[in-house]
Amino acid sequence: MSSAPHQGGDNPRTVLTTPRLILREMTSADLGDMAALRGDPEVMRYYPAPKRRDEAQAWIDGNQQLYRRRGFGLWVVLVRATGEFAGDCGLTPQRVDGAEEIEVGYHIRVGLQGNGYATEAATACRDFARDVLGLRRLIAIIDPANIPSQRVAAKLGLEEEGRTTVHGGRRVIYSATICPKHRA
Ligand SMILES: CC(C)(COP(=O)(O)OP(=O)(O)OC[C@H]1O[C@@H](n2cnc3c(N)ncnc32)[C@H](O)[C@@H]1OP(=O)(O)O)[C@@H](O)C(=O)NCCC(=O)NCCS
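Residue numbers (UniProt numbering): 1 to 184.
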């Protein structure tokens with residue numbers, strides 16, 4: 001894993017690299033790809049509705065704010081070998097039962113799912129949370145029916161902690177303590 005600080009502007013900074021993937025900050029130039037990803041009913045199956053193009057732009061804007069304010073957010077995932085857009089993955093603050101938690105999130109284009117990309121990208125994000133941000137706890141908020149997402153969380157070392165109401169519905173909370181002694 002390698003990492004670099006936020007740069008901003010039209011020259012998006014690469015934040016993480018893995019054997020097969022690049023995670024870099026998103027910009028407005030990613031709107032077409034992000035609108036296709038977030039507008040895909042299959043990718044958004046466990047969300048209230050697919051996002052419109054203006055909502056995808058708001059998503060990009062929100063993540064850029066997060067980069068500036070917090071030093072993290074959801075990042076664009078690219079396939080290193082081809083430069084192809086694969087999806088997004090990263091870290092976002094969430095309120096769960098009144099407390100702030102940091103969640104690892106991931107969305108992979110349908111055509112590229114099943115290649116281990118979400119696991120590979122999210123593993124790098126988990127390590128970034130631990131080694132760069134110094135976090136000691138990481139969660140994932142997952143619809144109980146979303147088995148692929150729960151599989152990814154488990155492969156990251158997160159375990160089911162319980163269920164609560166978040167984002168207007170019952171969700172499974174996966175969590176892990178990510179202090180150095182738990183390093184793989
Ligand atoms: C969740 C998601 C990101 C996984 O992406 P991916 O790149 O395919 O993930 P990986 O290849 O790293 O791993 C997928 C795991 O789910 C499993 N899986 C996939 N489809 C499955 C299904 N229908 N039933 C059970 N397991 C399934 C795979 O077998 C794999 O687990 P394994 O390695 O133990 O076999 C992808 O399915 C996606 O984008 N879903 C829509 C967005 C979403 O729900 N994001 C999470 C929000 S909490």
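By construction, the Cβ of each residue, glycine as well, lies at the ideal position given by its N, Cα and C atoms.
All figures in this text were calculated on a predicted structure; none of them were measured in a lab.
Beta-carbon proximity of residue i to residue j, cut-off 8 Å
i: Leu16; j: Ala86; result: no
i: Leu74; j: Gly90; result: yes
i: residue 197; j: Leu23; result: Here the chain has residues from 1 to 184 only, and residue 197 is not among them.
i: Val166; j: Val96; result: yes
Closest residue to residue i among the options (Cα-Cα distance)
i: Ile142; options: Asn115, Gly162, Ser28 and Leu78; result: Gly162
i: Arg109; options: Asp33, Arg13 and Ala29; result: Asp33
i: Lys155; options: Thr119, Thr164 and Ala81; result: Thr119
i: Pro144; options: Gly134, Arg170 and Arg80; result: Arg170
Contact belief for residue i with residue j at Cβ below 8 Å, rounded distance in angstroms
i: Val76; j: Met26; result: 5 Å
i: Ala56; j: Gly39; result: 7 Å
i: Ile102; j: Ala121; result: Contact flag wrong, Cβ pair sits at about 16 Å.
First and last residue of the uninterrupted alpha helix (DSSP H) at residue i
i: Ile147; result: Ile147 to Lys155
i: Thr119; result: Tyr117 to Asp131
Limits of the beta strand (DSSP E) - the one that residue i falls within
i: Arg137; result: Arg137 to Ile142
i: Thr17; result: Thr14 to Thr17
i: Ile102; result: Ala99 to Ile108
i: Gly162; result: Glu159 to Val166
Going residue by residue through the region 21-94, where are the continuous beta strand (DSSP E) segments of at least 3 residues, counting only ones entirely within it?
21-24 and 74-79
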